[in-house]
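Novice: Sharing a structure with you now.
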Amino acid sequence: MIKELLQFIEQSPVCFHAVENVRTRLEQEGFVALPGSDWELVPGGKYYITRNGSSLIAFKVPHGTVKGFVISASHSDSPCLKIRDHAELKGPAVRLETERYGGMINLTWVDRPLSIAGRVLVRRENGLEARLVNLKKDCAIIPNVAIHMQKGINDGAKYDPAKDLVALFCEPDNAGTFKWEIAQALGEDEDDIVSWDLYLYNNQPGTVWGPDKEFASSPRLDDLGCVYTCTEGFLAAAETDRVPVLCVFDNEEIGSGTKQGAASDFLPRVLKLISESLFLSPAQHLSLLDNSWMLSCDNGHAKHPNHPELADTNEAPVLNGGVVIKHSPRYATDAVSCAVFSEICRRAGVPVQHYSNRPDMPGGGTLGLIANQDTPVYTVDIGMAQLAMHSSFETMGSCDAEHFYKAIKASYEARVSFRGNEVRL
11 MIKELLQFIE
21 QSPVCFHAVE
31 NVRTRLEQEG
41 FVALPGSDWE
51 LVPGGKYYIT
61 RNGSSLIAFK
71 VPHGTVKGFV
81 ISASHSDSPC
91 LKIRDHAELK
101 GPAVRLETER
111 YGGMINLTWV
121 DRPLSIAGRV
131 LVRRENGLEA
141 RLVNLKKDCA
151 IIPNVAIHMQ
161 KGINDGAKYD
171 PAKDLVALFC
181 EPDNAGTFKW
191 EIAQALGEDE
201 DDIVSWDLYL
211 YNNQPGTVWG
221 PDKEFASSPR
231 LDDLGCVYTC
241 TEGFLAAAET
251 DRVPVLCVFD
261 NEEIGSGTKQ
271 GAASDFLPRV
281 LKLISESLFL
291 SPAQHLSLLD
301 NSWMLSCDNG
311 HAKHPNHPEL
321 ADTNEAPVLN
331 GGVVIKHSPR
341 YATDAVSCAV
351 FSEICRRAGV
361 PVQHYSNRPD
371 MPGGGTLGLI
381 ANQDTPVYTV
391 DIGMAQLAMH
401 SSFETMGSCD
411 AEHFYKAIKA
421 SYEARVSFRG
431 NEVRL
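In terms of this note's numbering, the sequence shown opens at residue 11 and continues consecutively.
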């Protein structure tokens, strides 16, 4: 599965392409796009809806009585460099002005070939059309300053985004080329390009490596690794009396507060529309939520081989060690959701390991706790163990993609019922 995952990542340079590739995969399996409201669902039906072209929710309707929802949530975005609307800076060379998106490791974007991808709004006779573009070639680089000119660079260099993360694009004689390049890639007239959401991305393809091919390195493992394995597990899962729901949200790396983020009304709106389309009352909908649960899927930190002191003493995952269950006040995992997921994995033969922050090093949060604000269901935060999170090139264990896929599939197939102090599965 790891090779297929890396292929998906290579074809998904930014959030828009990731969601488009998930959408294409769903349609290959017979899923049908839904409008914003007025749904007519049928038993056995398979549906999806997108928002902003960068978030997606898909679900399958069981044939019998529905007893709850099983939800997985991952995110389509990764830390990167966003290209400004008026991108070109003139001088000794034409450079592209950028701004940081998310908590990226700055130095990993320097001295490596970068390409450009994103969404472009094009003028049409009756309005505007959003089109995706991916140049798929090395077309920019952020050059470091030579060590001779900054003697302390190896003592911990600081990168000023306004100076040090500006990308070299072309020679002065080719000023104005950037917009032309985008137009050429789209086959559009340059004057018809109105605006864009364009990003620089690491153009280096992923690789499986090691004496036994035990490691995999690639851009955007966080969180496209979870997007891919969740999608495949969702598609492969056998039908139960629960509605399986696949969520791919955008903007997790900047807080999830957008209309297409996990903090929006996207998920609660979809769940409510499903219940209404199945002719369930508001009270019955709440009853379904009481018997539902969520898998919040975002990769976790593996114990760093060069810095073991940064990990917790007892709960420090390793590469290829199995699915990571994440614990922290900023995660949604509790004793119930942890136990349910652990038992599902035990029955499926999937190894699990646990992650906690070192007590004096508080970590970040992710989708689960945010989505719980408007979708209050039992939630477990899980992921694959990886190194160099938020680098432009990250590393994971090559076996963990299969582990994660099996865990997701088994979770969708489990018939979990929450009854007071008792959980049946």
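Backbone N, C-alpha and C fix where the C-beta goes; we use that ideal spot for every residue, glycine too.
#1: Whose C-beta lies closer than 7 Å to the C-beta of K100 among residues of the same chain, with five residues either side of it excluded?
#2: What does a CB cutoff of less than 6 Å around R434 pick up in its chain, not counting 5 residues either side in sequence?
#3: Taking the alpha helix (DSSP H) that K416 belongs to, which residues open and close that run?
#4: Counting only runs that start and end within the region 65-136, where is the beta strand (DSSP E) found for 3 or more residues in a row?
#5: Please list, in chain order, all residues of the same chain as A417 whose beta carbon is under 6 Å from its beta carbon, the five residues on each side excluded.
#6: For N316, does the count of other Cβ atoms within 10 angstroms reach 16, so buried, or fall short, so exposed?
#7: Under 8 Å by Cβ, that's how I've got L256 and I67 pegged, so tell me the actual separation to the nearest angstrom.
#8: Quick check on A248: does DSSP put it in helix, strand or coil?
#9: Rounded to the nearest angstrom, what separates S205 and D87 at their Cα positions?
#10: Which value, in whole angstroms, describes the spacing of the CA atoms of R129 and T241?
#11: Give the secondary structure of W190 by DSSP, where H, G and I count as helix, E and B as strand, and everything else as coil.
#12: So, at 6 Å on beta carbons, what are the nonlocal neighbours of E412 in its own chain, with the 5 sequence-adjacent residues on each side left out?
#13: Can you tell me which of the three DSSP states L208 falls into?
#14: Quick check on Q363: does DSSP put it in helix, strand or coil?
#15: In the DSSP output, what is T405 paired with across the bridge?
#16: Are the beta-carbon atoms belonging to T108 and L175 less than 8 Å from one another?
#17: Quick check on W190: buried or exposed, where buried means 16 or more other Cβ atoms within 10 Å of its Cβ?
#18: Where in the region 21-50 do unbroken runs of the alpha helix (DSSP H), each at least 4 residues long, occur, reported from the N-terminal end onward?
#19: Going by the CB atoms, is the gap between V143 and L196 shorter than 8 Å?
#20: Between the region 397-408 and the region 220-227, are three or more C-beta pairs nearer than 8 Å?
#21: Using the C-alpha atoms, what's the distance from S306 back to N213?
#22: Quick check: what's the CA-CA separation for P102 versus A312?
#23: Can you list, in chain order, the residues of its chain with a C-beta nearer than 7 Å to that of A424? Leave out the 5 residues immediately preceding and following it.
#24: Classify E262 as buried or exposed, calling it buried when 16 or more other Cβ atoms lie within 10 Å of its own Cβ.
#25: Counting C-beta neighbours from all protein chains within 10 Å, is the total for H96 16 or more, i.e. buried, or is it exposed?
#26: Can you give me the Cβ contacts of R61 inside the same chain, cut-off strictly under 7 Å, excluding the 5 residues immediately before and after it?
#27: According to DSSP, is Y238 helix, strand or coil?
#28: Return the residue from the list I81, T34, Y388 that minimises the CA-CA distance to T343.
#29: May I ask you to report which of helix, strand or coil DSSP gives N2?
#30: Straight-line CA distance for D251 to L281?
#31: DSSP three-state call for D391: helix, strand or coil?
#32: Since I392 contacts K336 with CB under 8 Å, what's their CB separation in whole angstroms?
#33: Just mark Q160 as buried or exposed, buried being the case when its beta carbon has 16 or more other beta carbons within 10 Å.
#34: Mapping the DSSP letters down to three states, classify K173 as helix, strand or coil.
#35: Answer yes or no: do T232 and H27 have a C-beta to C-beta separation smaller than 8 Å?
#36: Of all the options S82, V29, E39, V80, which has the alpha carbon lying nearest to the alpha carbon of I59?
Specialist: Reading from the atomic positions:
#1: Excluding positions up to five away in sequence, the list reads P182, A185.
#2: S427
#3: Membership of K416 in the alpha helix (DSSP H) is indicated by the continuous run 410-423.
#4: Qualifying beta strand (DSSP E) stretches, in chain order: 65-70, 79-85, 90-99, 104-111, 124-134.
#5: Result list for A417: V333, C355, V360, in chain order.
#6: When all chains shown are included, N316 counts as exposed.
#7: 7 Å
#8: Collapsing the DSSP output to three states places A248 in coil.
#9: Those two C-alpha atoms are separated by around 20 Å.
#10: 23 Å
#11: helix
#12: M11
#13: Correct three-state label for L208: strand.
#14: Under the three-state reduction of DSSP, Q363 is assigned to strand.
#15: For T405, the pairing in a beta bridge is given by DSSP as S227, L397.
#16: Going by C-beta atoms, T108 is nearer than 8 Å to L175.
#17: exposed
#18: The region 21-50 contains these whole alpha helix (DSSP H) runs: 25-38.
#19: yes
#20: yes
#21: 28 Å
#22: A straight-line Cα-Cα distance of about 43 Å links P102 and A312.
#23: I354, L435
#24: With 16 or more other Cβ atoms from the protein chains shown falling within 10 Å of its own Cβ, E262 counts as buried.
#25: exposed
#26: K269, Q270, F276, listed in sequence order.
#27: DSSP, reduced to helix, strand and coil, places Y238 within a helical segment of the structure shown.
#28: Y388
#29: Absent from the model: residue 2. The displayed extent of the chain is 11 to 435, so no value can be given.
#30: If I take the Cα positions, the gap works out to 15 Å.
#31: strand
#32: Rounded, the Cβ-Cβ distance is 7 Å, consistent with contact.
#33: exposed
#34: Here K173 carries a helix assignment [DSSP, helix/strand/coil].
#35: The sequence as given places Asp at residue 232; Thr does not occur at that position. No, the Cβ-Cβ distance between D232 and H27 is not below 8 Å.
#36: V29
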